[in-house]
Every structure is written in structure tokens, then in C-alpha cells.
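In this note's numbering, the protein residues as written are 2 to 485.
We treat Cβ as the ideally placed atom computed from N, Cα and C, and that holds for glycine.
Quick notes on the structure that follows.
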């Protein structure tokens, strides 16, 4: 696979970097990520409470739903922005925007009672900023650690996400009880503010980038900027299938995208750019199309993102609204639902902890697909479990296996992607999980109402298994490895 992360110590003669869980730079990023994730959870509690107190249940649901519209609609554009300006700058800017906006909303709520339309506007703005934040934060790990540490970073971020899910709701509920929605919005804004100095202290390491015909490359300095310089001529990356546009035109395009004019050997090493080289030299629409073409022609990324999209469509319905309806159908009540959700979270946290400690999983492509297939079987078992205890055991298996597969999928995306495309590739993979997959919720609810939870959970499990079986049939994905 093409090199695209911090240079290996063996090549530059420097002291080997510490493992990610002992790297102060990575830990600062992790602290910022955790604070931001907890803040997001507190924000959603505050928004839901304010909406429920202001309007009808239908209006409250509308307020919570409208935020997903700009998030999904602008997600791909957010990836282009991350590649153009660099993920560090975009993460800091979007996090600062969230901080200022939410604290401003808290100040407004101290003096006026919110209307449904005001809360809907808040959700729209926050969703739009999220569309910038999410692709950039997903593209940042390869910029702060070596390729061999990315699985460990995925495990650490998974633990942070589980902590945020567990801590965010109680913090939001407590602050609402103390001072109402204004207090909860203030708490969310403060958490965003806490993440900012940590993000500002994160250093960006040098990494090779996209290469033109003469090997021009983009390398990140410690401030997150990109330097375009001439290098030795290099071939097209081996894991990209030449498309019908390859040849003289494609070579000219690659040279132009790397920052050099057609027919010139390279660009001066003093020229400064930010973000991906191709995104910097073309319009946003062209940059987005280039990113989609890059994914389509990539022998690993194309099937990997397709498998991820299919499995998310199969997992997201049962693990969200599906669990609620199963608990109601079996008469387990809210306490039973709580045990099942806690069991799933424990399994997912266990997978994250395993990856954090182990650091690398051999045969990552095969393990990702195999663990997801077994996890899909456990999904079907939840609906047919005769007791809460057995359903919880199945949920632990789902969390452990799906968490393992998801973390390996994220690490493979980051290690297989050229740095100039990290933002756009991340935005595409994130779009399915946070933009398209939630559309399954109403379909899942209607299907369970018509046929019961058992057949619907089996169908969802079959969809997951079909997607990952396809992944096993693709040799490049099945044999994909993570860097040592």
C-alpha cells in the first residue's frame, strides 16, 4: 500500500515514537475528542429537553430530525473542505464554531423561552457545522501517529465514544435539572471550549502525499499546512486500477492535481498550500468528483466502503429502534432494554480495549469480515432470546464483534487512503453511518409492526452477512493488512 503517514523511524533515523497510548500528542487529541463527544451528547439532551418542553411530541421529533438533514447533505462537501484546508484547521474551526454558537444559545435561553422554530434553527446550524467537523476529525489520526498505531488509536477513540455515551446523558440530565436547558447548553459549550486548547496543542507530523507525474508530493508540517515539493518520479500507486481516462490525459491531470503545470517536472519546494493538492487546484465540485473516482478505482477502498455501508444498513435498525420494540414485544420493559443496551456497550468497549492493548490485528481484512458475519448471527439471536439474560449475552457478542469489525474497517480506510483524499474518503464512509443509515428507522419500525421482531432481525442479519460475505469474496479486501 502507498505510504501516507508519519515517516517510519527506520527510514529517517530518528528514535522510534512511543506507542499511541503513551504518546502525549495522541493523548491530547484523545482528550479533545472525548470532551467534544461528551459535549455533543450533552447538547442533544439539552435540545431534546427544550423541544419536548416547548412543543408537541411530533414537533420535538421534528426538531431532532432536522439536524440530520444538513449533516447528510453537506457531509461530502465537508470532506472536500478538510482536504483543501487540512483536517487540523477544519477541526479547530468547526469545534470553535460549535463552542461559540452553543454558548450564545445558552445566553439567549437565559432571557427568552425558546420556540420550536428557534430550536429547529439551532439543530440546522449545529448539523451543518457537524458536516465539517466529522470528516475532518476522522481524517486526523493518520496525521498524528504512525500507520502501525492506527488500530490502537481506533480502539482508544472507541473507548472515548463509549465513555461519551455513558457520561453525556447523565451530565445533560443533571444540568437540565439544576438550571434548565440554558444550563445544559452552557455545559455543552464549556466542554467544546475545553477541547479547543487540546486541539491547538496537537502537532501534525510530516507525511507523504499524492504524487504527480514527476512525484510532486504534499507533506504536512507541524502546523497542519502542506508543502508541495519536487521529488523523484514514481509510478501510479499499485492499488489504484487505471480507469478509462488513464494515459496522457490522466497523467496530465495527476500532474496538475499535484500542483505542477502540464509538461513541467514539478513545483518549487517553497510553494505553500493547504489540504489536498488536487482540491487546492480545482473547484469544490471537481474535487468531490475526483474523490469519488479515487474510491471507485481503488481495489481495497471501493469494496471496503461498500461492505461498510451494507453492514451499517443492517446493524443500525436493530441496534436502535429495534431493541426498543423487541423489549416491548417480549414484555421486558425499560429495565430489560437498559440491560441489553448496557451489554452491547460493554461488548463494544471490550473490543476497543482489546485493540488499544494489542495494537495490531493480523489479516485485518479477513478478521473484519469474519467478525461481522458472526456478529450478524448474534443480532438475529436477540429477537429470539427467551429472557433478558440471554438477550444480553447476545448483545455482548454483537458489541464485541461489530465493534472489532468497525474499528478494523476504520483503520483500513485510514491506512489505504492517500492523504490528499482522507477528508473526502472519510466523508463518504461517515455519510452512510450518520446520514443514510438512520433512514432505516421508520422502515424497521413498520416492518416489526407488520411481521414481528424475529423475521425482521433475521432479515437485517442476513443483509449484514451478505455484505461481509461479498467482502470475503474480494481478494484485495480479504488479504488487506495493516502496517506493522
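Should the stretch 442-461 be regarded as contacting the stretch 374-389, the criterion being three or more beta carbon pairs within less than 8 Å?
Yes, the stretch 442-461 touches the stretch 374-389.
Tell me the rounded alpha-carbon separation between residue 31 and residue 99.
Answer to the nearest angstrom: the Cα atoms are 18 Å apart.
From residue 482 to residue 166, what does the alpha carbon distance come to, in whole angstroms?
31 Å
By the three-class DSSP mapping on this structure, what secondary structure does residue 111 have?
coil
Segment contact, 8 Å Cβ cut-off, at least three pairs: the stretch 39-59 with the stretch 387-394:
no
Here's the rule I'm using: 16 or more other beta-carbon atoms within 10 Å means buried, otherwise exposed. How should residue 319 be labelled?
Answer is buried; the Cβ neighbour count reaches 16.
From what residue to what residue does the alpha helix (DSSP H) around residue 50 run?
25-55
Do you know whose CA, among 343, 309 and 355, lies nearest residue 433's CA?
309
Taking 6 Å as the limit between beta carbons, can you name the residues of its chain near residue 374, skipping five residues before and five after?
466 and 469
Residue 79 to residue 332 span [Cα, whole Å]:
44 Å
Can you give me the C-alpha to C-alpha distance between residue 95 and residue 51, rounded to a whole angstrom?
Taking the straight line joining both Cα atoms gives about 24 Å.
Is the stretch 122-138 in contact with the stretch 415-430, if contact means three or more CB pairs nearer than 8 Å?
yes
Residue 104 at chain D interface by Cβ criterion, 8 Å:
This model lacks chain D altogether, as it is built from one protein chain only.
To the nearest angstrom, how far is the alpha carbon of residue 329 from that of residue 445?
15 Å
Counting beta carbon pairs with one atom in the stretch 472-482 and one in the stretch 363-373, are three or more of them shorter than 8 Å?
yes
Please report the distance separating the alpha-carbon of residue 172 from that of residue 191.
Their Cα atoms are separated by approximately 12 Å.
Looking at residue 72 and residue 353, is the spacing between their C-beta atoms short of 8 Å?
no
In chain order, what residues of the same chain have a beta carbon less than 7 Å from the beta carbon of residue 129, not counting five sequence neighbours either side?
71 and 75
Supposed contact pair residue 404 and residue 343 - C-beta distance, whole angstroms, cut 8 Å
14 Å between Cβ atoms; not a contact.
Residue 335 to residue 107 span [Cα, whole Å]
32 Å
Can you list, in chain order, the residues of its chain whose CB lies under 6 Å from that of residue 511, leaving out five sequence neighbours each side?
Shown here, the chain extends from 2 to 485; a query on residue 511 therefore has no answer.
Taking residue 161 as the reference, give the member of 347, 305, 105 and 392 with the closest Cα.
347
Enclosing alpha helix (DSSP H) for residue 434 [first to last residue]
Unbroken run through residue 434: none, as it is neither H nor E.
Helix, strand or coil: how does DSSP classify residue 141 here?
coil
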